[in-house]
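Residues 117 to 572 in this note's numbering are what the sequence shown spells out, letter by letter.
Heads up, the thing below is written out as structure tokens.
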Amino acid sequence: MIFFKKLKFSLLLIIALLAIANSLADEYVSFDSYDDLARALGSFDAEQTTQSFSLELKNSYNDTQNFEYLSFPKIGSKMFNLKIKNESLNVFVNQDNSKHSEDNYNYLKIDNSIFEEMNTLDEDSVQVIIKLNLKVVDEKEAIKRVDIKSTKTFFDKPLVDENELKKIRFEIAKERVVSVLNRKGETNSIRTINSLATSLNRDELKSISHSEYVDKIYLDYKTKTFLDDSVDIIKANDVWNLTDRNGNFITGKNITVAVLDSGIDYTHMDFGSCTAIGPNCRVIDGYDFINNDYDPMDDEGHGTHVAGIIAANSLAIKGVAPDAKLIAYKTTDENGGGLSSHLLMAIERAIDPNQDGDTSDHYDIITTSTGYDSSSTYDYISTMIDAAVETGVIFIAAAGNDGNPPGKGDNVDYPAAYDSVIAVAATDKNDKRASWSSTGPAVELAAPGVDIESTW
Numbered sequence: 117m118i119f120f121k122k123l124k125f126s127l128l129l130i131i132a133l134l135a136i137a138n139s140l141a142d143e144y145v146s147f148d149s150y151d152d153l154a155r156a157l158g159s160f161d162a163e164q165t166t167q168s169f170s171l172e173l174k175n176s177y178n179d180t181q182n183f184e185y186l187s188f189p190k191i192g193s194k195m196f197n198l199k200i201k202n203e204s205l206n207v208f209v210n211q212d213n214s215k216h217s218e219d220n221y222n223y224l225k226i227d228n229s230i231f232e233e234m235n236t237l238d239e240d241s242v243q244v245i246i247k248l249n250l251k252v253v254d255e256k257e258a259i260k261r262v263d264i265k266s267t268k269t270f271f272d273k274p275l276v277d278e279n280e281l282k283k284i285r286f287e288i289a290k291e292r293v294v295s296v297l298n299r300k301g302e303t304n305s306i307r308t309i310n311s312l313a314t315s316l317n318r319d320e321l322k323s324i325s326h327s328e329y330v331d332k333i334y335l336d337y338k339t340k341t342f343l344d345d346s347v348d349i350i351k352a353n354d355v356w357n358l359t360d361r362n363g364n365f366i367t368g369k370n371i372t373v374a375v376l377d378s379g380i381d382y383t384h385m386d387f388g389s390c391t392a393i394g395p396n397c398r399v400i401d402g403y404d405f406i407n408n409d410y411d412p413m414d415d416e417g418h419g420t421h422v423a424g425i426i427a428a429n430s431l432a433i434k435g436v437a438p439d440a441k442l443i444a445y446k447t448t449d450e451n452g453g454g455l456s457s458h459l460l461m462a463i464e465r466a467i468d469p470n471q472d473g474d475t476s477d478h479y480d481i482i483t484t485s486t487g488y489d490s491s492s493t494y495d496y497i498s499t500m501i502d503a504a505v506e507t508g509v510i511f512i513a514a515a516g517n518d519g520n521p522p523g524k525g526d527n528v529d530y531p532a533a534y535d536s537v538i539a540v541a542a543t544d545k546n547d548k549r550a551s552w553s554s555t556g557p558a559v560e561l562a563a564p565g566v567d568i569e570s571t572w
């Protein structure tokens, strides 16, 4: 697992020099190019560290630019004033335009964790999330692509739907980025957060880092599954005898639960013994984001186990909500591993099942036992989960397996640690915290997680 909290030595050097900056008003730190300055600041990102730092770069005209969107002009040498917190340090950049090449990395757009991943694994390519910059899309070009026949008019002039226009802006930006890559490699769209998921080699990374349609490039970090007689312990059978305000027994009827895991064995007797997913089966919908197909069959077992706890219909095992409908989103492989992009695409599908831009048909609950250690400079999964919760979805995640017997420390994994997520810790059959279950203020509920009998 990759951790992003380490700052490069070059940045630490700059910060150390701040202590003497006031007494050395005429001194400066020199860099040979804008790229060198960007590289020195490569592990610093304003979005992550705004609580600790206030970073400004002022040029000779005293114009202040936000570091997150700063791009260095190719105009030769220039003096900058680097301001961190309330301390100032003069930075002189000696940019030789003749040496500047578009083949160089634009370090301001590339998250430093990508280079760490490449160097650690010694691989030529890496899985990334590309955040698109829709602001540069030409508005006239976008409007021209609108289907006028399906557009309402006002005094014979077309009224362009903003959501439709946003889709078109996204497609234009995506086309521009893919054209730079000049290949037919798999590129997955994640429209909710204006991003793409793909793999890039070093040359491709260099090329698209200079595209105006690219806002930032982040590592598509790896995820892991948290591997672990719940019904009786939590007294779910007592709830089944209760009724809601309409007089219906509380058994999960008319509730849809999207399970983001290793898939579900929909042929199991407790899921209807179906030969495929479909509206007449217990598993009504799903997708395999590992193999990119519509068959989310479980090849590892964890997802089926979780699904059985939720909604097995009592032929062999009875789940907590035996009348609930299940959606199987396969986001981890046979070894329990996956990528953050798999989670992103699954969440997006859960809040808009038919992908038409209308989220009113979203599923009721999203649950996952998948997690990761995250300190990414831009937490795109948090942004996606917030969007899901805003539609009315309830998002539930396992707290993780990073706890210790004394139960000390804040070690809840993501996505459970996010504010929008209900984090669930694990207990044993004596209703005591499992020694391995993660602890911390993010934990909101605890449920049995030891020796659970289920459908796998």
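All C-beta atoms, glycine included, are put in the ideal place defined by N, C-alpha and C.
Shortest Cα-Cα distance from G435 to any of V253, D386 and A514 involves D386. Among the bridge pairs identified by DSSP, Q243 is matched with S315.
Taking the Cα positions, S476 is about 8 Å away from D468. When DSSP states are grouped into helix, strand and coil, L224 belongs to the coil group. Spanning the alpha carbons of T448 and L455 requires a straight line of approximately 8 Å. Within a 10 Å sphere around the beta-carbon of E255 sit fewer than 16 other beta-carbons, which makes this residue exposed. Look at T236 here: in three-state DSSP terms it is helix. Beta-bridge analysis with DSSP links F511 to I482.
Less than 8 Å separates the beta-carbon of A515 from that of D529.
The C-beta distance from D331 to K247 rounds to 5 Å, short enough to meet the 8 Å contact threshold. Residues V262 of the same chain have their beta carbon placed closer than 7 Å to that of E280, with the five preceding and five following residues left out of the count.
By the Cβ neighbour-count rule, D414 is buried, with 16 or more other Cβ atoms within 10 Å of its own.
Residue state for T499 is assigned as helix, using DSSP reduced to three classes. Annotation for G419: the continuous alpha helix (DSSP H) segment containing it runs H418 to A427.
Distance from P412 to I393 at the Cβ level is roughly 7 Å; contact confirmed, criterion being Cβ atoms closer than 8 Å. Its Cα nearest to that of I400, the residue G379 stands out among K322, G379, N222 and S229. The way I'd put it, the segment 491-510 does touch the segment 308-322; three or more beta-carbon pairs between them come closer than 8 Å. Of the candidates K290, G368, A423 and D474, A423 places its Cα closest to the Cα of L376. If you look at S305, you'll find it in the beta strand (DSSP E) that goes N304 to I306.
I380 sits in coil when the DSSP states are folded into three classes, being neither helix nor strand. Between G368 and A444, the CB-CB gap reaches or exceeds 8 Å.
Taking C-alpha positions only, E450 is separated from D409 by approximately 16 Å.
Counting only the Cα atoms, N249 lies some 15 Å from V296. For I324, the three-state secondary structure derived from DSSP is helix.
Under a 10 Å Cβ-count criterion, T372 is classified as buried, with 16 or more other Cβ atoms of the shown protein chains found around its own Cβ. D472 sits in coil when the DSSP states are folded into three classes, being neither helix nor strand. Residues N317 and R318 of the same chain have their beta carbon placed closer than 7 Å to that of D240, with the five preceding and five following residues left out of the count. Around the C-beta of K251, fewer than 16 other C-beta atoms lie within 10 Å, and the residue is accordingly described as exposed. It is roughly 15 Å from the alpha-carbon of N235 to the alpha-carbon of V244. Counting other Cβ atoms within 10 Å of its Cβ, L459 reaches 16 or more and is therefore classed as buried. The beta carbon of A466 is closer than 6 Å to those of A374, Y479 and I482 in its chain, skipping five residues each way along the sequence. Annotated three-state conformation of A437 is coil, per DSSP. The criterion of a C-beta distance shorter than 8 Å is satisfied by T339 and G487. In the structure shown, the three-state DSSP call for A542 is strand. The residue among N298, S305, E278 and D277 with its C-alpha nearest the C-alpha of E287 is S305. Between D404 and K446, the CB-CB gap stays under 8 Å.
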